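Q: One structure, pasted below without further comment.
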């Protein structure tokens, strides 16, 4: 069972800082170092990348848990999310020029981070972050020894094939400003702010933590995605649907999915797991919602234990 920490405070062992992308864009990061007292050895280094509209404060207790396990832990906000700026004039719009920009940032960050930290090097991605992590692996832009994907965005919950989704998004981009919001509020079309927590987690207290951080740090707040984001997201999804893309990934991959996830398509997750040669898929039923790392303790403890076991087997500590 993970140690309880104050989820509304930056841990004393963590340091917030900035990383400069290759074009000079400032990316916010947080690092735990060195290994905690009492750890038998430095396990290696773990990079965590959050989802769309996310920020690393939401995952402090999980990141701190991995630090207590001996990992040298880092997390970062994606460009144009969290406190890493915005694309366009609307500070609440989840917009992007192209997902390839995020892949370039991740590849450059990984290169710098890997050179400065002890191995083995592993990466964990949630939701959109999971999608981008897997795409970076497919494109051989990063070289972790093991990968963990939490509810990765590998398909949409909207009925119909991805080609139809992209055609609709392209049409909407052509008939109006591509930077306009694709839905009005919350995390998906048709959902309301009042019911947003139902999409994410059963844990009311952990959900409240997110709202608290947004009040304390207003720059973290972000709203719905734009039509340009939707079109680029589906285009990126379709790229990994191409024959041979996932089949060429020769890395151990743990995929955690919620069968009744209301934000990302579970069937797409299961199809991807079947195509990845070394994938392990662990699924939850109605007890688990989209944010498995922020679920009630009875679910989250199992999620954390599953990840720890996978990393112990696939990324054992290097004798020093």
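Residue numbers (the working numbering): 956 to 1275.
Yeah, the Cβ is synthetic: ideal placement off N, Cα and C, and Gly gets one too.
Quick caveat, the model's predicted, so the values are computed rather than measured.
May I ask you to report which of helix, strand or coil DSSP gives residue 970?
A: Correct three-state label for residue 970: strand.
Q: Using 10 angstroms around the beta-carbon of residue 958, count the other beta-carbons present and answer buried if the total reaches 16, otherwise exposed.
A: Flag for residue 958 reads exposed.
Q: For residue 1224, name the three-state secondary structure that DSSP assigns.
A: Looking at residue 1224 - three-state DSSP - the assignment turns out to be helix.
Q: Would you kindly report the start and end of the unbroken alpha helix (DSSP H) that includes residue 949?
A: This structure does not reach residue 949, given that the chain is present from 956 up to 1275, and the question cannot be answered.
Q: Mark residue 1147 as exposed unless 16 or more other C-beta atoms lie within 10 angstroms of its C-beta, in which case mark it buried.
A: Residue 1147 comes out exposed.
Q: Just to confirm the assignment, what range does the alpha helix (DSSP H) spanning residue 1269 have?
A: Unbroken alpha helix (DSSP H) run through residue 1269: 1252-1269.
Q: So, using beta-carbon positions, are residue 1039 and residue 981 closer together than 9 angstroms?
A: Taking 9 angstroms as the Cβ cut-off, residue 1039 and residue 981 qualify as a contacting pair.
Q: Quick test of the definition: if touching needs 3 or more C-beta pairs under 8 angstroms, does the stretch 1200-1210 touch the stretch 1165-1181?
A: Taking 8 angstroms as the limit for Cβ pairs, the verdict is that the stretch 1165-1181 does not touch the stretch 1200-1210.
Q: Mind checking residue 961: buried by the 16 CB within 10 Å criterion, or exposed?
A: Residue 961 should be labelled exposed.
Q: Look at residue 1081 and residue 966 and say whether their C-beta atoms are less than 9 angstroms apart.
A: In this structure, residue 966 does not lie closer than 9 angstroms to residue 1081 by Cβ.
Q: To which residues does DSSP link residue 1079 through a beta bridge?
A: Its beta-bridge partners are 1003, 1103.
Q: Measure how close the beta-carbons of residue 1099 and residue 999 come, nearest whole angstrom, since I'm counting them as under 8 angstroms.
A: 10 angstroms between Cβ atoms; not a contact.
Q: For residue 1235, does the three-state DSSP call read helix, strand or coil?
A: Looking at residue 1235 - three-state DSSP - the assignment turns out to be strand.
Q: Could you tell me which of 1243, 1241, 1110 sits nearest to residue 1186, measuring between CA atoms?
A: Considering only alpha carbons, the answer is 1110.
Q: Measuring straight from C-alpha to C-alpha, what distance separates residue 1244 and residue 1042?
A: For residue 1244 and residue 1042, the distance between alpha carbons rounds to 29 angstroms.
Q: Three-state secondary structure (DSSP) at residue 1017?
A: Residue 1017: helix per DSSP, three-state reduction.
Q: Assuming residue 1166 and residue 1048 make a contact with CB atoms under 8 angstroms, what is their CB distance in whole Å?
A: Wrong, their Cβ atoms sit about 20 angstroms apart, outside the cutoff.
Q: When burial is assigned at 16 or more other CB atoms within 10 Å of the CB, is residue 1265 buried or exposed?
A: Label assigned to residue 1265: buried.
Q: Can you tell which of 1029, 1007, 1077 has the C-alpha that lies nearest to the C-alpha of residue 1050?
A: The shortest C-alpha separation from residue 1050 is found at 1007.
Q: Going by DSSP, what residue range makes up the beta strand (DSSP E) through residue 1026?
A: Taken as a continuous stretch (DSSP letters only), the beta strand (DSSP E) holding residue 1026 covers 1026-1031.
Q: Relative to the C-alpha of residue 1117, which candidate in 1188, 1094, 1015, 1218 has its C-alpha closest?
A: Ranking 1188, 1094, 1015, 1218 by Cα distance to residue 1117 puts 1188 first.
Q: Just grab the DSSP bridge partners of residue 984 for me.
A: In DSSP, residue 984 forms a bridge with 972, 1031.
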